[in-house]
Structure formats: structure tokens, C-alpha cells
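Start counting the sequence shown at 1; every next residue gets the next number (full-length UniProt numbering).
Since the structure comes first, as C-alpha cells, the remarks are kept for the end.
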Amino acid sequence: MTRAGPPLIELADIRKSYNVGLANEAEVLHGVSFAVERGEFVALIGPSGSGKSTLLNIVGLLERLTAGSYRIQGEETSGLDDAGLTLRRRAVLGFVFQFHHLLPAFSALENVTLPALMREGRVAASQLERARAMLAAVGLGNDMHKRPGELSGGMQQRVAIARALVLQPPLVLADEPTGNLDRASSDEVFVLMRRMHAELHTSFLIVTHDPRLAARCDRVIELVDGRIESDQQNIAAAC
């Protein structure tokens with residue numbers, strides 16, 4: 001991969017501690033360093049309790065790091081206030097979670113337009129059209145007016161992917177995006193993410209416990225006890 005400019009995200013010696021008593025701290029991340037380039041499709045794996053979710057929350061600007069440096073598109077984020085973090089999060093990041101977090105009273109189309117509404121306070125006609133196009137792209141063109149309760153689990157996760165991508169963020173963070181699905185739906189959702197990655201050139205950083213899915217990512221970072229155990233390119237990755 002040819003680099004043009006700084007990495008999309010770059011973490012250097014990231015440490016995260018939590019208070020566990022009056023004068024005690026527990027360090028969860030112990031000097032984690034890695035970068036993600038534009039267009040990469042990366043899996044983050046590791047046993048439960050290894051710090052994956054904490055690390056993803058820091059990358060997603062949902063938690064502050066205790067020490068170290070985190071740059072997004074070359075900009076240091078550790079000194080940003082809450083408003084600055086929110087602006088960067090909305091401009092650069094999309095999120096897909098294990099549980100889709102769709103609003104049950106809203107249609108699929110209304111759920112997909114939420115990022116535009118939150119970022120700009122309104123949904124422009126062009127953004128509404130973009131939301132329709134995204135739902136069509138994930139195979140839900142005929143279901144966009146249905147509410148989440150009328151859709152299967154796999155279909156709901158497709159709506160969540162469309163929502164994450166509708167504003168075309170440079171990076172999508174996915175926390176166990178197939179963990180709540182059966183095997184067939186899991187495979188369908190993963191193939192969809194790979195297709196959207198190829199078509200939109202969006203980077204993906206995916207936390208997964210599924211070794212089958214990790215093996216189909218271009219790069220696999222393994223986190224063990226808050227430290228990077230390995231970081232390897234997967235030349236054989238394929239959908």
C-alpha cells in the first residue's frame with residue numbers, strides 16, 4: 001500500500017488506567033502502538049479481558065487515554081476538549097456494534113439518516129437520497145420503510161452498516177459486528193462489509209472473536225493482556 005500523507009490513525013505508546021480504590025490504579029493498556037492506513041481492513045483479536053473494547057473506545061474517541069499519543073489524519077487528539085472530540089468523531093468515524101442500536105420507532109431509512117441529523121441538525125435532500133442509495137446497496141431497497149422489529153437480525157445489522165457508512169467516514173469501527181448473528185447471517189454481513197470496503201475505500205477496524213472472520217481480514221492485530229502480541233499482514237485474505 002502506497003502511503004500518501006500521514007496514516008489515517010496512529011497510536012503511540014497508548015496507556016489506559018482506571019481507578020480501583022482510593023490510591024490504586026489498574027492499567028489496562030500497556031504501551032499500545034500501531035497505525036491504520038487509508039483503505040486497510042484490519043481485525044483486532046484477543047481473549048476476553050485483553051483490552052480490545054477499551055482500545056476501540058479510545059480509537060473511537062469515546063474514552064480518553066491516560067498517556068501516549070493518538071493522532072487522526074495527523075492531528076493529535078489528546079488535547080481536544082469534549083466538543084472537539086465530538087466534531088472529530090462525527091467527521092471521521094462510523095460505528096457498527098454487536099447490537100445494532102437502531103431506534104425501534106424509526107424506519108430503516110430514518111435510522112440511516114440519523115448521522116446527518118446529529119451532525120448538521122437537519123437532513124438535506126441529497127443526504128436523504130444518499131441514505132436511500134446506501135440501503136439499496138446493502139440489499140434493503142425494498143425494506144427501507146420498515147421498522148427494525150419487522151426485519152431479521154441480519155437485516156438490522158445491514159441497516160447499521162448503511163448508517164455507519166452514509167456520511168462516507170474514512171474509518172469504520174466495528175465491535176463484534178457479527179457476534180449476535182447465526183453463522184449464515186454472520187457470513188452475509190461480513191461479505192457485505194468487505195464489499196463496501198472495496199467499493200467505498202473506507203478503512204475498517206473490526207474487533208472479533210471469530211477466527212474465521214479474522215482470517216479473511218487483510219491484517220490481524222492480536223492484543224493479549226493489554227499489549228500487542230502480534231501484528232501481521234494476511235496475504236491470503238479473501239472473501
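No residue lacks a Cβ here, since even glycine has one placed at the ideal position from N, Cα and C.
Within the DSSP secondary-structure output, His30 pairs in a beta bridge with Arg15. Residue environment: Asp182 is assigned as exposed (fewer than 16 neighbouring CB atoms within 10 Å of its CB, all protein chains considered). Distances from the alpha-carbon of Thr202 to those of Gly94, Gly46, Thr77 put Gly94 closest. In this structure, the beta-carbon distance from Pro6 to Val36 does not fall below 8 Å. Looking from the CA of Ala184, the closest CA among Val159, Arg212, Leu205 belongs to Arg212. Nearest C-alpha to Ala105 among Pro170, Pro148, Leu80, Glu63: Pro148. Contact between Gly51 and Leu223 holds, with the beta-carbon distance rounding to 6 Å and staying under 8 Å. A distance below 7 Å between beta-carbons, with the five flanking residues on each side excluded, links Phe34 to the following residues of its chain, in chain order: Leu11, Ile221, Ile228, Asp231. Here DSSP, grouped into helix, strand and coil, assigns Glu120 to helix.
Here DSSP, grouped into helix, strand and coil, assigns Asp187 to helix. Between the stretch 56-67 and the stretch 135-148 there are fewer than three inter-stretch CB-CB distances shorter than 8 Å, so the stretches are not counted as touching. Its chain contains Arg64, Leu65, Gly68, Ser69, Tyr70 as the residues whose beta carbon lies nearer than 8 Å to that of Ser78, once the 5 sequence neighbours on both sides are disregarded; these appear in chain order.
If you draw a straight line from the Cα of Ser152 to the Cα of Gln168, it comes to about 25 Å. The DSSP-derived three-state label of Ser78 is coil. Nearest to Leu205 by C-alpha distance, out of Ala160, Val172, Lys16, is Val172. For Glu229, the enclosing beta strand (DSSP E) covers residues 227-233.
Counting C-beta atoms within 10 angstroms of its own C-beta, Asp175 has 16 or more neighbours from the protein chains shown and is therefore classed as buried.
In this chain, the alpha helix (DSSP H) harbouring Val59 covers 52-59.
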